[in-house]
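Structure, as structure tokens:
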Amino acid sequence: MSNTDLDVLIVGAGISGIGAAAHLTRSHPGKTYAILEARDAIGGTWDLFRYPGIRSDSDLHTFCYAFKPWLEDKAIADAASILDYVREAASDHGVTQHIRFGHAVREASWSTPDARWTVVAEHDGERVELTARWLFCAGGYYRYDRGHEPALPGIDRFGGEVVHPQHWPEDLDYTGRRVVVVGSGATAMTIVPAMAERAEHVTMLQRTPTYVLPAPAVDPLADRLKKWLGPERAHRVARRKNILLARAVYRGSQRWPDRVRRLIRAINVRALPEGYDVDTHFNPPYNPWDQRLCLVPDGDLFRAIHQGTASVVTDRIATFTETGIELESGARLDADIVITATGLQLLPLAGVTYSVDGRPVVLRDTITYKGMMLTGVPNFVYAVG
């Protein structure tokens, strides 16, 4: 079998693609495969994003590979630690040598008579064609080249710097400067306390509050169990504990939303300064787990608010001015830098055009099987984070 005719082709060398390749190596060492990665590095999200404080928003005992226990102390880990972990997994299983960097997959077509996928990629401006019996799309669910940029009235008038977290400039110096972060999702929750360590002040501007819970960066039970059971057994116990806890919080939120809302509010009241307007800034109009809860490790966001280096404003943007933002309430926010933590642009199945026996695959006409396969699309699997 040639290096262009393979058993398996994997699209993407992020955490899912590396994991799939490692599983292949472990369970089917005789199978041939390659990973096509559009960028020039492995790690996907954990290599692409470079904004301050970038970290996981899930515990790594749950998020890690089943075949490679997470042995670091921090359960809520920074991107550099996760990237090292993924690189180590790739090296341990000989995956790195199977990655073809700079290969952006454009088309994939299945032939029933040949029982093969034909995959077309672009490399250095040239067309590259490969075939495979199985195709696994591990390209994530968003565009790597562009974040979501909603219309922000008057933003062209703003005289300071505007930065989207997906394209963080390495030379951005925010020391002693006034920063406004637009957004209240996991990215904003990460950036605000991280930037507050050096900025004059950081304001998180949100239209709608988010449920926020503090969580220990180091899992205290896992830390103690390491001394009694050793790191690998402790990891297995911590993983099961965290999965059960996450399920319990979700199911409890669905069954008793008002009780869980009151509990989260009480936790926020204790974490924030006395007299803080919790009901305006940390009390969403929707029920817990209608949207995902945001975890802040060791309560770093609350600590920054306590210290006065960060604040939260709940309002809507009327217009940008030369020196900041005018809000619908009439209030103004002065800023030297605005961070648009406004989310990602969705891009299903890595933006590849798929066809089966000459017929285009229309996603809305398919049904997913266990969140990983599509009806009428043979020998194809995908992963969504």
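Each residue of the sequence shown is one higher than the one before, counting from 12 in my numbering.
Each residue gets a CB set at the ideal place from its N, CA and C atoms; glycine is no exception.
A quick note: this is a predicted structure, and the numbers were derived from the prediction, not measured.
Asked	Found
Phe6 (DSSP reduced to helix, strand or coil)	Limits of the chain in this structure are 12 at one end and 396 at the other, which puts residue 6 out of reach.
Span separating the alpha-carbon of Ile202 from that of Asp58	17 Å
Top-ranked residue by Cα proximity to Leu338, from Ile87, Ile166 and Phe74	Ile166
Runs of alpha helix (DSSP H) lying entirely within the segment 68 to 116, each at least 4 residues, in chain order	71 to 74 and 90 to 103
Trp239, buried or exposed, once every other Cβ within 10 Å from all chains shown has been counted against 16	exposed
Rounded C-alpha distance that separates Arg370 from Ala119	11 Å
Residues bridged to Ser27 (per DSSP)	For Ser27, which the question treats as bridged, DSSP gives no partner whatsoever.
CA nearest to the CA of Phe78, picked from Thr379, Ala321, Lys237 and Ala100	Ala100
Backbone secondary structure at Phe60 - three-state DSSP	coil
Nearest neighbour of Glu160, chosen from Leu357, Ala361 and Asp68 [CA to CA]	Leu357
Continuous alpha helix (DSSP H) stretch holding Gln318: start and end	Asp311 to Gln318
C-alpha distance - Pro40 paired with Met200, whole-angstrom precision	42 Å
Per-residue burial, Val229 [other beta carbons within 10 Å of its own, 16 or more giving buried]	exposed
Test item: CB-CB of Arg327 and Ile336 under 8 Å	no
Opposing strand residues paired with Leu35 [DSSP bridges]	Answer is none; Leu35 lacks a bridge partner.
Inside the segment 219 to 293 only - beta strand (DSSP E) runs reaching at least 3 residues	223 to 226
Pair within 8 Å by beta-carbon distance, Pro176 and Leu312	no
His178 - DSSP class collapsed to helix/strand/coil	helix
Per-residue burial, Thr221 [other beta carbons within 10 Å of its own, 16 or more giving buried]	buried
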